[in-house]
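A quick write-up on the structure given underneath.
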Amino acid sequence: MLFTTVSLLALPLLSLASPITSRQAVCSSSTTIVKMDYYQGYMSPSNCGVDVSSGNITANVCTNMVTQGVNVFPSDSKNCVFTLWRGVTDCSGTPASTYDLTVGGSAQCVGTGVMEPRWYHGSGKLTCEC
1 MLFTTVSLLA
11 LPLLSLASPI
21 TSRQAVCSSS
31 TTIVKMDYYQ
41 GYMSPSNCGV
51 DVSSGNITAN
61 VCTNMVTQGV
71 NVFPSDSKNC
81 VFTLWRGVTD
91 CSGTPASTYD
101 LTVGGSAQCV
111 GTGVMEPRWY
121 HGSGKLTCEC
């Protein structure tokens, strides 16, 4: 009888001590960084204009556009999408357009609509798969 009582009292403690396993996917797309070139004199998706600067864009970070065009390169390991907003610098509201950047694909030349950053505004964000 004593053994049964002790066993019944210890049973809830055993369930508290047992490990709980939870598998959660950790998305590290925020650390994805891809090359992005900046252009003035944008004409069309096939004629980005004059390359004036090179840099990078980090996934999940809103980037203020300051040139007429950008050429966004694909990631080496993840499919991504570049989203462009016109008229805002904080990636808010309805996007103007999106551009698929698949692994092994081509860079996308994007006309931002920004001719003079003081008067025209645009922003972009890169999002990538996990």
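Read in order, the letters of the sequence shown correspond to residues 1 to 130 in our numbering. Here a beta-carbon is modelled for each residue, glycine too, at the ideal position from N, C-alpha and C. Keep in mind it's a predicted model, so treat the numbers as computed, not measured.
Practice task
Whole angstroms is fine: what's the gap from Val-70's alpha carbon to Thr-89's?
Solution key: 15 Å
Practice task
Taking the CB atoms as reference points, tell me whether Val-114 and Asp-100 lie closer together than 9 Å.
Solution key: no
Practice task
Mark Thr-112 as exposed unless 16 or more other C-beta atoms lie within 10 angstroms of its C-beta, in which case mark it buried.
Solution key: buried
Exercise for the section: Run the CB neighbour count on Pro-132, radius 10 Å, all protein chains shown included, and call it buried at 16 or more, exposed below. Expected result: The structure shown does not extend to residue 132, since the chain is modelled only from 1 through 130, so no value can be given for it.
Practice task
Could you tell me if Val-72 is buried or exposed, where buried requires 16 or more neighbouring beta carbons within 10 angstroms of its beta carbon?
Solution key: buried
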